[in-house]
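Counting from 1 along the sequence shown, just add 331 to a position and that's the residue number in this note's numbering.
Note that beta-carbon positions come from the ideal geometry of N, C-alpha and C, so glycine has one too.
In this text, all values refer to a predicted model and were calculated from it rather than measured experimentally.
Input: a single structure, listed below in structure tokens.
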Amino acid sequence: MNLFKNVKILIAADGGAASGKTTGSKQLSKNFGLKLLSSGLLYRYVSLRLLSNKKKINKKTFITKITKNISLKQLKNKKLFDPEVTKYSAVIAKSKMIRLSLRKFQKNFAKQQRVCIEGRDIGTVICPKADIKLFFKCSLNVRALRRLKEYRKNNKKISLNEVKKSLKTRDYHDSTRKISALKIAKDSIVVDTTKLNKKEMEKKLVNIVRRKLINKYG
Numbered sequence: 332m333n334l335f336k337n338v339k340i341l342i343a344a345d346g347g348a349a350s351g352k353t354t355g356s357k358q359l360s361k362n363f364g365l366k367l368l369s370s371g372l373l374y375r376y377v378s379l380r381l382l383s384n385k386k387k388i389n390k391k392t393f394i395t396k397i398t399k400n401i402s403l404k405q406l407k408n409k410k411l412f413d414p415e416v417t418k419y420s421a422v423i424a425k426s427k428m429i430r431l432s433l434r435k436f437q438k439n440f441a442k443q444q445r446v447c448i449e450g451r452d453i454g455t456v457i458c459p460k461a462d463i464k465l466f467f468k469c470s471l472n473v474r475a476l477r478r479l480k481e482y483r484k485n486n487k488k489i490s491l492n493e494v495k496k497s498l499k500t501r502d503y504h505d506s507t508r509k510i511s512a513l514k515i516a517k518d519s520i521v522v523d524t525t526k527l528n529k530k531e532m533e534k535k536l537v538n539i540v541r542r543k544l545i546n547k548y549g
């Protein structure tokens, strides 16, 4: 939006799996010309490197080395979405050492002029002073249907109940881990995407951000 092309914007978007935060963040980045970082890709990248090199989570030297020089190009690797990587990334996300190692990359990314970062601890840990904080939520049934559609591209036999069980497990781990647990920041705007299609969600999000920017910059 040309009205805000010269102002600093930092948006923190949080939410559970399949809540709409990634889609919403992409929509906002496109509308407001923001650089987007999906923090989950960082954990997928570390997971892929650990699996490829047959390393364990507690190999501090190796973790430090691979997290020090991550590039955005490396986060576009299609192998990051392999089922094994997906499963392992949820495991390593609970590691304090790995989360701390990746924190510097995220905070440096946030220092740019126009940024949107999405994940599970962005508004509370990574960008506590973000201009706008969004927290996405959605009913379990709708989230499961969204993920089922994605998963069936690679696994035609997977059932809705299996997907629901997987989401419940991920929700539990995300919200109860000792470090950087998923929770709503006090100044977050909650966006319920349960009954919204993509166009409706985009309109809602753009209006939210536009109002916030007008209030801040006039």
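Query                                                                                                                                                 : Result
Have a look at VAL521, LEU382, SER369 and flag the residue whose alpha-carbon is nearest the alpha-carbon of ILE463.                                  : VAL521
Are the beta-carbon atoms of ALA516 and ASP505 separated by less than 8 Å?                                                                            : no
At 3 residues or longer, and completely inside the segment 342–373: list those beta strand (DSSP E) runs for me, N to C.                              : 366–369
Determine which residues share a DSSP beta bridge with PHE467 and list them.                                                                          : GLY346, VAL522
To the nearest angstrom, report how far apart GLY346 and THR353 are at their CA atoms.                                                                : 9 Å
Counting beta carbon pairs with one atom in the segment 426–436 and one in the segment 391–403, are three or more of them shorter than 8 Å?           : yes
Scan the segment 424–455 and note each continuous alpha helix (DSSP H) run of 4 residues or more that stays entirely inside, going in chain order.    : 427–441
Just list the residues that DSSP pairs PHE340 with in beta bridges.                                                                                   : The sequence as given places Ile at residue 340; Phe does not occur at that position. DSSP output for ILE340 lists ARG445 as bridge partner(s).
Can you tell me which of LEU372, TYR419, LYS387 puts its alpha carbon nearest to the alpha carbon of SER402?                                          : LEU372
Excluding five sequence neighbours on each side, which residues of the same chain lie with their C-beta closer than 7 Å to the C-beta of GLY351?      : PHE467, CYS469, THR524, MET532
Once you ignore the five residues that flank LEU433 on each side, which residues in its own chain have a CB closer than 6 Å to its CB?                : LEU373, THR398
Is it buried or exposed, VAL540, if we count other Cβ atoms within 10 angstroms and call 16 or more buried?                                           : buried
Quick check on the burial criterion: 16 or more other C-beta atoms within 10 angstroms. Buried or exposed for THR507?                                 : exposed
What is the residue span of the alpha helix (DSSP H) that PHE393 lies within?                                                                         : 391–399
Can you list, in chain order, the residues of its chain whose CB lies under 6 Å from that of TYR330, leaving out five sequence neighbours each side?  : Nothing in the structure corresponds to residue 330, since the chain is present only between 332 and 549.
Quick one: residues in its chain with C-beta nearer than 6 Å to the C-beta of ALA348, no 5 flanking neighbours on either side, listed in chain order? : LEU498, ARG501
According to the Cβ coordinates, are CYS447 and LEU367 closer than 8 Å?                                                                               : yes
Is the beta carbon of GLY450 less than 8 Å from the beta carbon of SER519?                                                                            : no
Taking its Cβ as the centre, do 16 or more other Cβ atoms sit within 10 Å of SER420, making it buried, or is it exposed?                              : buried
Quick one: residues in its chain with C-beta nearer than 7 Å to the C-beta of LEU411, no 5 flanking neighbours on either side, listed in chain order? : LEU372, ARG375, TYR376, LEU379
Given that a residue counts as buried once 16 or more other Cβ atoms are within 10 Å of its Cβ, and exposed if not, what is GLY549?                   : exposed
Which residue marks the beginning of the alpha helix (DSSP H) containing ASP505, and which one marks its end?                                         : 491–507
With distance defined between alpha-carbon atoms, name the residue in GLY355, GLN443, LEU382 nearest to PRO414.                                       : LEU382
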